[in-house]
Amino acid sequence: MVEIHVIPVLNDNYVHLWHDAAAGVTAIVDPGEAGPVQAFLEERGWHLTHILNTHHHGDHIGGNAGLMAWSHATLIGPRAEIDRIPDMAETYGDGDRFTLGSQTVTVFDTPGHTRGHVAFYLEPAGLLFSGDTLFSLGCGRLFEGTPAQMWHSLLKLRALPDDTLVHCGHEYTASNLRFALSIDPDNPSLALMADQVARSRAANRPTVPSRLGLEKAANPFLRADDAALAAAIGLAGADPVAVFAEIRQRKDHFRG
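All letters in the sequence shown, in the order written, are residues 4 to 259 by this note's numbering.
Okay, here's the thing in structure tokens:
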């Protein structure tokens with residue numbers, strides 16, 4: 004049995020923690036800072052065993068050094084960013100699988116946000132740690148990659164089972180929702196998510212994780228090959244990469 008927690012850090016980042024008591028594993032993903040994570044673990048008396056990084060940005064690795072000094076946890080991350088994340092003990096790339104306690108972890112290369120970004124999928128728990136590739140109702144900005152790279156990265160994640168829980172790196176859902184409604188206002192799945200997001204934020208609760216099946220229906224960045232959405236943005240019949248690029252550009256300039 005795996006216990007999952009979402010720990011807010013910095014301005015809008017999330018650190019995702021899973022605790023596998025029977026296996027003696029307590030792992031976190033993308034610690035942007037150490038203090039809140041250490042406090043959370045100390046309160047529960049849990050020992051941190053592993054840190055996983057999806058990419059090298061400071062708001063995802065800023066807590067690595069402090070937490071490793073405190074716990075001597077094993078740092079795991081993307082092979083393609085071995086020169087950008089210090090002190091990784093284990094590195095993995097696309098299609099690699101490794102075991103942590105009761106969980107088999109599958110690694111996906113997901114370039115686009117950074118050139119070496121990865122995502123981690125836990126089986127059998129059905130958890131996806133997507134970093135800044137896939138957000139609830141959004142995707143990451145293309146700092147180092149192309150629209151084609153990001154679209155194909157998202158297709159890898161979209162292929163996972165509908166009941167997969169998506170644990171992403173930021174609390175961006177409300178702003179992503181406003182953008183999605185601006186280009187897809189009649190989508191009933193967006194209306195459903197709007198109610199969920201409003202209730203979660205009113206109670207100061209995270210909007211993540213989200214369920215992948217609902218993201219497939221509502222997230223415009225996962226639907227660049229949807230003919231109706233392409234037509235709605237004036238690109239009927241266009242290649243999905245062109246549709247994705249247009250959606251990403253519109254989001255970059257959206258001020259709603």
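All residues carry an ideal CB built from backbone N, CA and C; glycine is no exception.
About 5 angstroms separates the beta carbon of Asp135 from that of Gly172, a gap short enough to meet the 8 angstroms contact definition. According to DSSP, residue pairing for Thr107 in a beta bridge involves Thr102, Glu126. Here DSSP, grouped into helix, strand and coil, assigns Ala206 to coil.
By the 16-neighbour rule on beta-carbons within 10 angstroms, Gln252 is exposed.
According to DSSP, residue pairing for Trp21 in a beta bridge involves Ile7, Ala30.
A direct Cα-Cα distance of roughly 12 angstroms separates Pro188 from Ala231. Residue state for Glu249 is assigned as helix, using DSSP reduced to three classes. A contact between stretches requires three or more CB pairs, one per stretch, nearer than 8 angstroms, and the segment 199-216 fails this requirement with the segment 113-125. The beta carbon of Ser192 is closer than 7 angstroms to those of Leu217, Ala220, Ala221 in its chain, skipping five residues each way along the sequence. Spatial neighbours of Pro223 in its own chain (CB-CB distance under 7 angstroms, excluding positions within 5 residues in sequence) are listed in chain order as Ala183, Ile186, Asp187, Leu232, Ile250.
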